[in-house]
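Encoded as structure tokens, the structure appears first; notes follow it.
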Amino acid sequence: MQRRLVLSIAIILLILANTKATPSYYEVEAQTGDGIYSILRRFQLDKHSCNFDRFYSLNKLKRNARLIRGKTYSLPLMVYTFNGKTIRSSIGIDDWDLAISIQEYNEYMEEQGVRGSSFKKDKELWVPYHMLNCPTQDREVPPPPPDMKQPEAVVSASGKRHFPIFGEKYALTPLVSNKLKGKVFYVVGGHGGPDPGAMGARGNYKLCEDEYAYDVALRLCRNLISHGATAYMINRDPNDGIRQGKFLKCDTDEVLWGGVKMSTGQKTRLFQRSDIINELFLKHQKQGVTDQTAIMIHVDSRSKGERTDLFFYHHPENNAGKKKAQKMLKAVKQQYRKYQKERQYKGTVTARDLHMLRECGLPGVYVELANIRNTSDQQRIIVERNRQLLADWLLLGVMN
């Protein structure tokens with residue numbers, strides 16, 4: 005009897021030892037700018053096609069479906085209870101190398117701020133679906149739909165297009181025309197994150213280049229989208245949409261497309277932006293898109309007594325970028341003649357070997373809005389109506 009009891013216990017222990025734990029799936033609520041690609045990329049799940057298949061299956065979605073803001077979705081990210089001993093015993097695996105990969109993944113997610121604490125502390129072990137089911141990276145992710153639906157959009161139940169990146173007041177962006185349909189734009193506000201860019205002062209107020217460049221960039225991006233273009237805001241602020249008033253608060257919480265944290269190193273930070281643009285550019289190029297443009301918005305800094313007009317740069321070896329810059333210059337010049345007849349417009353188009361013009365593999369235009377230190381030039385960026393006019397005039401240059 006005792007022998008049978010010992011044998012039964014041994015069998016039970018053997019069964020338990022070979023029984024894998026049952027995981028749940030990590031859930032997230034769709035937030036501002038979230039799409040299937042960006043949300044999987046945030047969790048480092050975008051290099052395996054099976055993760056996309058699993059996402060569609062878990063959420064009962066059709067391929068390339070749009071996410072609805074505020075709705076909760078299950079990710080192909082399995083959550084196991086960590087037993088406080090080993091990853092292998094927690095999951096029910098024997099593979100040492102796989103356990104190390106899972107540990108490194110969890111540590112990286114914590115380092116990037118995606119997860120709040122260590123799995124050893126909160127006892128939640130994250131295991132990407134592909135690590136147990138399809139470990140070979142294939143990059144054959146489902147392509148975006150042929151009509152290039154907007155990357156920023158969250159579609160309401162009524163079918164209206166909302167773009168949370170523009171802020172509550174301007175999120176609803178109706179389609180005015182299809183004049184720019186089939187064209188792709190990458191709009192980049194200068195500096196941001198740890199780098200405020202050029203600095204100016206107006207009375208007791210501090211003026212930061214990145215805040216004013218970003219506001220004009222947002223307004224331009226919204227203009228482009230309203231006329232049917234596909235437009236990406238490459239740098240993005242999680243809580244500053246299009247803003248009202250003269251004095252925009254300086255902050256450092258800007259990130260890059262996909263939730264990428266900006267590096268503290270200037271050179272690395274520039275390559276982060278150009279790499280993101282190049283990746284998106286190649287993706288759309290494979291789809292057959294032939295007209296893509298990068299537009300970089302900046303505010304210059306010169307001596308206080310020097311007044312400048314809106315001016316443009318292009319790369320010396322990029323003739324397409326030069327032509328686009330010239331069209332913008334022409335449009336702005338025409339508007340100056342129309343609204344400011346008393347003053348001659350002295351804006352220019354010149355060649356500059358700047359990183360964002362050189363390293364991005366597509367036509368690019370670099371725009372300088374004003375001299376942030378000149379009192380007269382400051383009016384061009386601190387007056388809200390003027391910021392909108394700048395975006396409107398740049399749009400005219402694109403649409404010509």
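Just so it is clear: in the sequence shown, position 330 is 334 by the numbering used here, and no numbers are missing.
Cβ coordinates follow ideal geometry from the N, Cα and C atoms, glycine included.
Every value quoted in this text rests on a predicted model; they were computed, and no experiment measured them.
Item                                                                                                                                                               : Value
What's the gap between the Cα of I386 and the Cα of K173?                                                                                                          : 19 Å
Quick check on K75: does DSSP put it in helix, strand or coil?                                                                                                     : coil
Is the separation between the beta-carbon of M266 and that of G194 shorter than 8 Å?                                                                               : no
Runs of 4 residues minimum, wholly inside the segment 87–130: which ones carry the alpha helix (DSSP H) assignment?                                                : 91–95, 100–115, 123–126
Which residue comes first and which comes last in the alpha helix (DSSP H) that contains C54?                                                                      : 53–63
Taking the continuous beta strand (DSSP E) assigned at A355, which residues delimit it?                                                                            : 353–355
So who's on the other strand from R240, going by DSSP bridges?                                                                                                     : V259
Judging by CA-CA distance, which residue of L373, L393, H359 is the nearest neighbour of P367?                                                                     : H359
Counting pairs of Cβ atoms below 8 Å between the segment 85–101 and the segment 169–184, do you hit three or more?                                                 : no
Spatial neighbours of I281 within its chain, please: CB distance less than 7 Å, with the 5 preceding and 5 following residues excluded, ordered by chain position. : Y190, I238, A298, C364
What's the gap between the Cα of V303 and the Cα of P178?                                                                                                          : 29 Å
How do the segment 366–382 and the segment 308–324 stand: do at least 3 beta-carbon pairs fall below 8 Å, yes or no?                                               : yes
Across the segment 55–63 and the segment 75–82, are there enough close Cβ pairs to call them in contact, namely three or more that are closer than 8 Å?            : yes
Got a sec, what are the start and stop residues for the alpha helix (DSSP H) S380 sits in?                                                                         : 379–386
Relative to the C-alpha of K271, which candidate in D199, Y30, V353, F170 has its C-alpha closest?                                                                 : D199
If we call anything under 8 Å between Cβ atoms a contact, is Q339 one with R223?                                                                                   : no
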